[in-house]
Amino acid sequence: MKNALSGTLALLTGIVSFSSLADSGSSVDQYQLNLRQGVTEISGQVYDLHMLMFIICVVIAVLVFGVMFYSMVFHRKSRGAKPANFHESVKVEILWTVIPFIILIVMAFPAAKTLIAMEDTSAPDVTVLVTGSQWKWHYKYMENDVEYFSTLATQQEQIRNKFDKGENYLLEVDRPLVIPTGKKVRFLVTSDDVIHSWWVPDFAVKKDANPGFINEAWTKVDVPGIYRGQCAELCGKDHGFMPIVVVAKEPAEYTQWISEQESIQLAAKAEEQRLLALNMSMDELMSSGEQVYLRACAACHMPNGQGLPGVFPALAGSEMALNDMQGHIDVVVNGKTGTAMQAFAKQLTMSEIAAVVTYERNAWGNNTGEMVQAKDINAFMKGQ
Amino acid sequence: MSTAAEELHHDDHHHHAPSGIKRWLYTTNHKDIGTLYLWFAFIMFLVGGAMAMVIRAELFQPGLQIVEPNFFNQMTTVHGLIMVFGAVMPAFTGLANWLVPMMIGAPDMALPRMNNWSFWILPGAFTILLASLFMEGGGPAFGWTFYAPLSTTYSNDTTALFVFSVHIMGISSIMGAINVIVTIFNMRAPGMTWMKMPLFVWTWLITAFLLIAVMPVLAGAVTMVLTDKFFGTSFFDAAGGGDPVMFQHIFWFFGHPEVYIMILPAFGIISAIIPTFSRKKLFGYASMVYATTSIALLSFIVWAHHMFTTGMPVAAELFFMFATMLISVPTGVKVFNWVATMWRGSLSFEVPMLFALAFIVLFTIGGLSGLMLAIVPVDFQYHDTYFVVAHFHYVLVTGAIFSIMAAVYYWLPKWTGKMFDITLAKWHFWCSLISVNVLFFPMHFVGLAGMPRRIPDYALQFADFNQWISIGGFAFGLSQLIFLALLIKACRKQGEPVTDQVWEGAEGLEWELPSPAPYHTFETPPVIK
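Residue numbers (this note's numbering), protein chains in the order written: chain A, 4 to 387; chain B, 832 to 1360.
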């Protein structure tokens, strides 16, 4: 029975989808018509459930519309059809109430079974804290000292139609999430601001990231590869520009990668302490500040510092950027509660904050001539 | 029964009927108010449609070319609000105004002055909403579902205008609903017993109860958004002890019955049209009434199926999945009844029937994709993708809006006394039918392939279908201009005069009145056979 069913499913997939079954995977298909089968046992079950539902719906539709179209052709007045008189039949009415009910029960069992398996997040091998914020993802490995932000890597010029669009347009990030294959990976999903939703179609995982609450999901990927998804809950202006990329590596490769990351992040922290002692020149601060600004600030405050009137404030000519340096540093480090302004203390290094504050106080005609050094930021943060 | 001329004469004697704009501003006549509602709904349909054209133009190809993301979000938001609260709901209220008194043999609505007010506050509400688009920061950009905290902490100050406009729309809907209920309860002609009422009256009665039950919930939700944003409360902010997911529970406790508010009157319309053009009594009248009632009751216990990915406990997910699946039973009964009505009838295919048949097929497609969406594990894949967009446009555009068009074509000759331009009407039908499917059917495919909704730009794999979808969208939009031309002709009273019955096979009190229906009808109650 099960084999027959899956055989039928496979056959229908072949008919329904123009795509060949062989290359269901990472490659994109312009005319993909059907749900992806994905690369986990759960995503396979979800796909089968989808096809079961689809076939039942098609059969119901064919039967109902079949009867209807038969009437439309053979019971038309122009063919001389005379109307019958019947207008009720308790027997028939009970029948077409009970039969759909039985079909529903048939659907409910496998659905409930898969759902319960999907929600069983117990006994994970690896746990990753996934935090959404406008408009990037942050990944923190709970068993290792590794955490980082993951943002859209597609160039603005591609989005603005100035450059040709790459193969993974809008589905590429600077630093993907890396997970091991064959292990149960648990995701703790939350948010720092609005609601986001972390979705990777190939894993059949979609979980809302709610600010102040933690949701759980899990996956166990069988096939190494690169899997792409997107934020699935409207989260403001750049909702369409916060993709998710997950790289699944063999466990040995994963272990090597994670220990490498640990030492890199440790070295970066030491480097940050070292930089505290150094003063950077205005040119260095401005060029590094511009890069940081475009990466972290320009989405809201716009590359020209003008912001979006009524939505995001302008920095060019702003009172704070011109006259209030402590306030300026404070708002970048701690954010501003009750607004979309995030706290960047955890997202940027002290020298990056110093550079970007310097940049904002000297770019777009804000010619204060003031420089902010990493040690000033350090002093501010210590002084709090 | 008095003739039209006598009644007009009678009218002149007792009132000084104002003319020009005052006639419409001061009117308490259910037919005038019905006309106002219908024209208002049609104008809003075109305005909301223009916004859909902006959306489809931006999505015609990948990349950002026409509008900025922030404005794109305003378009999706206001398109949704306008179509739900400005087009579909007022259109049904307009039909109720015109038809309910005529169908139950009443002289007018029970509360005519409130009727006037419930219409005339609507243009104000939509002026406020639309004006916010032109203010600093723009209009609402958080989706018509205005999920907190995107609509609270992270929205701009024009959110206050959005809140007030929704309040006014809600007040209007509640007053309209009270009027329908009071009219049906108190003003039925002698002999018009409950189980003799036309199904349009039944479905509207049940809809009116749904409106009174849930519009205050919506008002509560927007008020909490207002106080969270401007007065420091924390209903939806975890930092202050609130919960953003609670917003969704409150919103969808309104939102799901709202879905049925927008479709139950459609069931009533189709149940009037199918028997007429099948020349056969409606199959299973009683079961239609019971099915409508059970759909309405079930609609209160399925709201969380919009929220399966929010992280509810498994038990809650299972409950809402099973409850949602149950709704397909009474909905199925309705579709089976319509098909059984046609079975061994004597069918003809006038324009209202064409729209009604398209409704049955396309609404059923939307219903079946709804059943697929009820299944939680697969909903995780469908949720917030274009599959959902396809689903609710099949039930709302080819469902609710097609039923409204069917209703207008069905009753228009009764209202104007003239047959509408049948050639234009057929063009309107066929252009709409083809383009609406080019527009919404491929949305199923891009949704399954993984395209999220509410995005201004998309990955390259979705490019080809989006182009098709946009072309379908533009064609569907243009097709509605045919409808506009037809309606203008009809309002100028052009066309062939029609008989009182208008359609061979039409039954009911409204078809016993003269065509056009006189300004005042049933001043003495009719005799119900």
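Beta carbons are placed, not taken as given, at the ideal position from N, Cα and C, and that holds for glycine. Everything numeric in this text was worked out from a predicted model, so none of it was measured.
I'd like the list of long-range same chain contacts for residue i, defined as Cβ closer than 7 Å, with 5 residues on each side in sequence excluded.
| i | result |
| --- | --- |
| M289 (chain A) | T361, Y362 and N365 |
| P1029 (chain B) | M934, A1103 and G1339 |
| F1186 (chain B) | F1233, M1236, A1237, Y1240 and F1260 |
| D1074 (chain B) | F1067 |
| W1083 (chain B) | W1134, A1135, H1137 and M1138 |
| A358 (chain A) | L288, S291, G292 and V295 |
Opposite residue i in the DSSP bridges: which residues?
| i | result |
| --- | --- |
| A1069 (chain B) | DSSP lists no partner for A1069 (chain B). |
| Y142 (chain A) | A:V133 and A:Y151 |
| K1249 (chain B) | B:P1328 |
| E219 (chain A) | A:L191 |
| K252 (chain A) | A:P183 |
| F315 (chain A) | A:L311 |
| I229 (chain A) | A:V250 |
| V224 (chain A) | A:T43 |
| P1283 (chain B) | B:T1216 |
Among the options, whose alpha-carbon lies nearest the alpha-carbon of residue i?
| i | options | result |
| --- | --- | --- |
| A1103 (chain B) | B:K853, B:L1340 and B:I852 | B:L1340 |
| A319 (chain A) | A:P312, A:N326 and A:G308 | A:G308 |
| A235 (chain A) | A:K210, A:V224 and A:E146 | A:K210 |
| V997 (chain B) | B:V1239, B:P1356 and B:V909 | B:V909 |
| A1306 (chain B) | B:W1035, B:F1151, B:R1323 and B:L1270 | B:L1270 |
| S291 (chain A) | A:K186, A:V375 and A:Y172 | A:V375 |
| Y857 (chain B) | B:F950, B:V1228 and B:V1166 | B:F950 |
| L155 (chain A) | A:I182, A:Y34, A:L325 and A:S136 | A:S136 |
| E96 (chain A) | B:N860, B:V1032, B:M1119 and B:G1201 | B:M1119 |
| V1220 (chain B) | B:M1236, B:A1146 and B:I1300 | B:I1300 |
| A1039 (chain B) | B:A927, B:F1218 and B:Q892 | B:A927 |
| M56 (chain A) | B:A883, B:L1204, B:R854 and B:N946 | B:L1204 |
| A207 (chain A) | B:L1279, B:K1324 and B:G1071 | B:L1279 |
| P971 (chain B) | B:G1142, B:M945, B:G1326 and B:V1053 | B:V1053 |
In three-state terms, what does DSSP make of residue i?
| i | result |
| --- | --- |
| I247 (chain A) | strand |
| G83 (chain A) | coil |
| G211 (chain A) | Looking at the sequence itself, residue 211 (chain A) is Asp, so the reference to Gly does not match. It is a strand residue. |
| D26 (chain A) | With a pLDDT of only 39 at D26 (chain A), under 50, the local geometry of the prediction cannot be trusted, and the value read off the model is given with reservation. In the structure shown, D26 (chain A) sits in a helix (DSSP, three-state: H, G or I). |
| W1169 (chain B) | helix |
| E236 (chain A) | coil |
| R1019 (chain B) | coil |
| K385 (chain A) | helix |
| H199 (chain A) | strand |
| R1175 (chain B) | coil |
| L173 (chain A) | coil |
| A7 (chain A) | Its pLDDT being 46, under 50, A7 (chain A) is placed unreliably by the model, and the measurement read from it follows with that caveat. Residue state, collapsed to three classes: helix. |
| V814 (chain B) | Past the edges of chain B, shown from 832 to 1360, lies residue 814 (chain B), and the structure says nothing about it. |
| Y34 (chain A) | coil |
| P1047 (chain B) | helix |
| V95 (chain A) | helix |
| M374 (chain A) | coil |
| T990 (chain B) | helix |
| V1160 (chain B) | helix |
| L1340 (chain B) | helix |
Spatial neighbours of residue i within its chain, please: C-beta separation below 6 Å, excluding the five flanking residues on both sides.
| i | result |
| --- | --- |
| F775 (chain B) | Nothing about residue 775 (chain B) can be reported from this structure: the residues present for chain B run from 832 to 1360 only. |
| V1045 (chain B) | F1085 and P1088 |
| K1360 (chain B) | none |
| Q233 (chain A) | P246 |
| G1304 (chain B) | R887 and L1270 |
| A1171 (chain B) | F1114 |
Just curious, the beta strand (DSSP E) that residue i is in, first and last residue?
| i | result |
| --- | --- |
| L132 (chain A) | V129 to S136 |
| L961 (chain B) | Unbroken run through L961 (chain B) is the alpha helix (DSSP H), L953 to S963; no beta strand (DSSP E). |
Which residue comes first and which comes last in the alpha helix (DSSP H) that contains residue i?
| i | result |
| --- | --- |
| L1185 (chain B) | V1182 to A1205 |
| F1293 (chain B) | Per DSSP, F1293 (chain B) belongs to no alpha helix (DSSP H) and is neither H nor E. |
| Y49 (chain A) | In the sequence under discussion, the amino acid at residue 49 (chain A) is Val, which differs from the Tyr named in the question. That run of the alpha helix (DSSP H) goes E44 to F77. |
| P932 (chain B) | M920 to I935 |
| L288 (chain A) | M285 to V295 |
| D333 (chain A) | M328 to N337 |
| H1136 (chain B) | Note, H1136 (chain B): premise wrong, no alpha helix (DSSP H); not H, not E. |
Against chain D, does residue i count as a neighbour if the rule is that its beta carbon must be under 9 Å from one of theirs?
| i | result |
| --- | --- |
| R887 (chain B) | Reference to chain D is not applicable here, since the protein chains of this structure are A and B. |
Grab me the residues of residue i's own chain with a C-beta within less than 8 Å of its C-beta, minus the 5 sequence neighbours each way, in chain order.
| i | result |
| --- | --- |
| N218 (chain A) | L191, V192, T193, K210, D211 and A212 |
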